[in-house]
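Taking numbering that gives the first Met the number 0, the leading residue of the sequence shown gets 0, the next gets one more, and so forth.
Following: one structure in structure tokens, then a few remarks.
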Amino acid sequence: MLVDGYGRKVDYLRVSVTERCNFRCQYCMPEKPFSWVPKENLLSYEELFKFVKVSIDEGISKVRITGGEPLLREGLENFIKMIADYKEGIDLALTTNAYLLPAAAQKLADAGLRRINVSLDSLKDEVAAKIAQKDVLKTVLKGIQAASDVGLKIKVNCVPMKGINDGELIDLLEYCKERGYPIRFIEYMENKHATDIAKGLNSETIQNIIKEKYNFKKLERSGSSPSQDYQLDDGYIFGIIEPHKDDFCATCNRIRLTASGVLIPCLYFEDSQSIKEAIKANDIDKAALILKDVLANKPEKNKWSEEDGTETSSRAFYETGG
Ligand code: SAM
Ligand code: SF4
């Protein structure tokens with residue numbers, strides 16, 4: 000079992016397979032970065048898998064593949080198969096913007112993927128295009144349908160933003176409710192890569208919008224899910240991810256690995272260590288030691304607002320996998 004310096008059990012590894020993306024979301028990667036990490040600096044799938052194995056052997060039971068846009072990296076289904084075949088019962092999931100799902104869904108399901116989280120911020124063509132800075136909605140909806148058709152379990156992520164998609168939260172909730180997909184509204188997390196037009200809605204505002212049409216009750220928090228769940232009178236459950244709340248970090252159970260092999264204990268914390276050399280040298284003991292060291296260094300709380308609330312992350316979400 001992996002435990003951090005504050006006694007939190009860590010059983011969840013998020014692996015970013017690429018920082019590249021085919022969208023330019025206002026809140027994440029509004030402009031193409033000045034340079035990408037050169038391909039030769041990325042770990043291969045075999046190398047990433049070596050570290051995933053170490054992590055699973057040490058106590059990780061949940062692995063999420065993310066990015067950037069993970070489906071942009073060729074052969075992702077091979078990586079998924081490696082993990083799915085390694086140990087039965089590993090909770091393996093993928094976070095994607097769904098744009099490439101129409102062609103990829105079947106391959107992913109065949110490789111052993113069972114669950115995906117898709118980002119869906121609007122159901123209006125022009126609003127989705129404004130957020131992603133590309134005409135994406137029709138293809139995204141086709142992608143979600145393709146995933147559903149091959150039996151993938153779907154959850155939807157939405158980042159509500161003032162004056163952009165805040166008039167659509169009920170429509171988004173209903174789109175998901177009709178299809179049986181849980182939706183989670185994520186409070187916008189300030190970061191210096193986002194544009195100035197990205198201004199988030201806090202949890203209370205999101206709840207007030209939903210209250211205009213639905214009664215709901217707050218559910219007890221379960222396990223280490225980052226989402227605070229709420230249940231409508233008809234039983235449908237939606238969630239709000241509230242990283243601005245004081246207790247958000249108390250149940251944090253995750254660490255992040257970037258595509259170039261950097262192990263990050265917290266999104267809003269600058270320290271990290273590379274497992275690249277250890278993995279390339281096939282030094283599994285060293286990789287396990289680095290993993291434990293990074294966990295020992297995991298901060299009690301994120302460091303984004305400890306001063307005056309204006310501190311933001313210098314690390315990009317597309318780099319760490321959100
Ligand atoms: N490209 C994939 C996608 O969009 O689902 C996976 C990577 S993306 C970085 C992972 C998640 O981070 C998405 O759900 C996205 O909405 C969320 N995200 C990105 N930037 C964010 C921000 N500034 N605040 C809150 N959530 C953010
Ligand atoms: Fe790309 Fe996902 Fe970031 Fe949007 S949120 S720019 S889809 S990585």
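Where a beta carbon is used, it is the ideal one built from N, C-alpha and C, also for glycine.
Since this is a predicted model, take the numbers as computed values, not measurements.
(request) Keeping to the same chain, check which residues put their C-beta closer than 8 Å to that of P181; ignore five residues upstream and five downstream. (result) The residue you call residue 181 lines up with position 182 of the sequence shown. Once the five neighbours on either side are set aside, the close Cβ partners of P181 are K154, V155, C175, I236, F237 and G238.
(message) Could you check whether A287 and E76 sit closer than 9 Å to each other, using their CB atoms as the reference points?
(response) As a first step, residue 76 must be located in the sequence shown, where it is residue number 77. As a first step, residue 287 must be located in the sequence shown, where it is residue number 288. It is not a contact, given that the beta carbons lie outside the stated cut-off.
(request) Name the residue from T65, K216, S224 and D245 whose alpha carbon lies nearest to the alpha carbon of L231. (result) The sequence position of residue 231 within the sequence shown is 232, counting from 1. Closest option to L231, Cα to Cα, is K216.
(message) Using C-beta distances below 7 Å, list every residue in its chain close to F316, excluding the 5 sequence neighbours before and after it, in chain order.
(response) As a position in the sequence shown, residue 316 is number 317, starting the count at 1. Hits under 7 Å: C27 and N190.
(message) Taking the alpha carbon of E39 as the reference point, which residue from A258, E299 and S273 has its own alpha carbon closest?
(response) The count along the sequence shown starts at 1 and reaches residue 39 at position 40. It is A258.
(request) Using three-state DSSP, classify M28 as helix, strand or coil. (result) The residue labelled residue 28 in the question sits at position 29 within the sequence shown. In the structure shown, M28 sits in coil (DSSP, three-state: anything other than H, G, I, E or B).
(message) I need the boundaries of the alpha helix (DSSP H) containing A258, first residue and last residue.
(response) Numbered from its first residue, the sequence shown carries residue 258 at position 259. Run containing A258: none; DSSP gives neither H nor E here.
(message) By the three-class DSSP mapping on this structure, what secondary structure does D232 have?
(response) What you label residue 232 is simply residue 233 of the sequence shown in a count that begins at 1. D232: coil per DSSP, three-state reduction.
(message) Rounded to the nearest angstrom, what separates S121 and K137 at their Cα positions?
(response) Looking up residue 121 in the sequence shown gives position 122. Looking up residue 137 in the sequence shown gives position 138. Answer to the nearest angstrom: the Cα atoms are 11 Å apart.
(message) Starting from S202, trace the alpha helix (DSSP H) in both directions and tell me its first and last residue.
(response) Here residue 202 refers to the residue found at position 203 when the sequence shown is read from its first residue. Here the alpha helix (DSSP H) through S202 covers S202 to K210.
(request) Put A92 into one of helix, strand or coil per three-state DSSP. (result) Locating residue 92 in the sequence shown gives position 93, counting from the first residue. DSSP places A92 in strand when its eight states are reduced to three.
(request) For K212, I'd like the list of residues in its chain whose CB is within less than 8 Å of its CB, leaving aside the five on either flank, ordered along the chain. (result) Reading the sequence shown from its first residue, position 213 is the one you call residue 212. I169, listed in sequence order.
(message) Could you check whether the Cβ of G234 sits closer than 9 Å to any Cβ belonging to chain C?
(response) Reference to chain C is not applicable here, since this structure consists of a single protein chain.
(request) Give a single yes or no on whether C24 has its beta carbon closer than 8 Å to a heavy atom of the ligand SAM. (result) Position 25 of the sequence shown, counting from 1, holds the residue named residue 24. Yes, Cβ of C24 sits closer than 8 Å to a heavy atom of the ligand SAM.
(request) Drop a sphere of 10 angstroms on the beta-carbon of I0, count the other beta-carbons inside from all chains shown, and report buried for 16 or more, exposed for fewer. (result) Locating residue 0 in the sequence shown gives position 1, counting from the first residue. The question names Ile, yet the displayed sequence has Met at residue 0. It counts as exposed.
(request) Tell me, please, whether the segment 75-95 touches the segment 281-298 by the rule of three or more beta-carbon pairs shorter than 8 Å. (result) no
(message) I'd like to confirm something about P69: is its beta-carbon nearer than 8 Å to some heavy atom of the ligand SAM, or not?
(response) In the sequence shown, the residue the question calls residue 69 occupies position 70. Flag set: Cβ of P69 near the ligand SAM.
(request) Taking only heavy atoms of the ligand SAH into account, decide whether any of them is closer than 8 Å to the Cβ of C20. (result) With respect to the ligand SAH, the structure offers nothing, as its ligand set consists of the ligand SAM and the ligand SF4.
(request) Could you work out which residue in L119, V149, K123 and N116 is closest to D109 when comparing CA atoms only? (result) Counted from its first residue, the sequence shown places residue 109 at position 110. The shortest Cα separation from D109 among L119, V149, K123 and N116 belongs to V149.
(request) Tell me whether G142 sits in a helix, a strand or coil according to DSSP, three-state version. (result) Reading the sequence shown from its first residue, position 143 is the one you call residue 142. Here G142 sits in helix by DSSP.
(message) Using only the alpha-carbon positions, how far apart do Q272 and R23 sit?
(response) Taking the first residue of the sequence shown as position 1, residue 272 is located at position 273. Taking the first residue of the sequence shown as position 1, residue 23 is located at position 24. If you take the alpha carbons of Q272 and R23, they lie about 28 Å apart.
(message) Could you tell me the alpha carbon to alpha carbon distance between I185 and L119, rounded to whole angstroms?
(response) Start at 1 with the first residue of the sequence shown, and residue 185 comes out as number 186. Start at 1 with the first residue of the sequence shown, and residue 119 comes out as number 120. Each residue's Cα considered, the two are about 11 Å apart.
(request) Check whether the segment 30-39 touches the segment 261-280, counting contact only when three or more Cβ pairs, one atom from each stretch, lie closer than 8 Å. (result) no
(message) Just checking N156 against the ligand SAM - is the residue's beta carbon closer than 8 Å to any of the ligand's heavy atoms?
(response) Along the sequence shown, one-based indexing puts residue 156 at 157. N156: yes, Cβ under 8 Å from the ligand SAM.
(message) I need the straight-line Cα distance from Y85 to G166, nearest angstrom please.
(response) Residue numbering aside, residue 85 sits at position 86 when the sequence shown is read from its first letter. Residue numbering aside, residue 166 sits at position 167 when the sequence shown is read from its first letter. One C-alpha to the other measures close to 44 Å.
(message) Applying the 10 Å Cβ sphere with the 16-neighbour rule, what's the burial state of G308?
(response) As a working mapping, residue 308 is identified with position 309 in the sequence shown. With a pLDDT of 46 at G308, under the threshold of 50, the modelled position of this residue cannot be trusted; read the value that follows with caution. When all chains shown are included, G308 counts as exposed.
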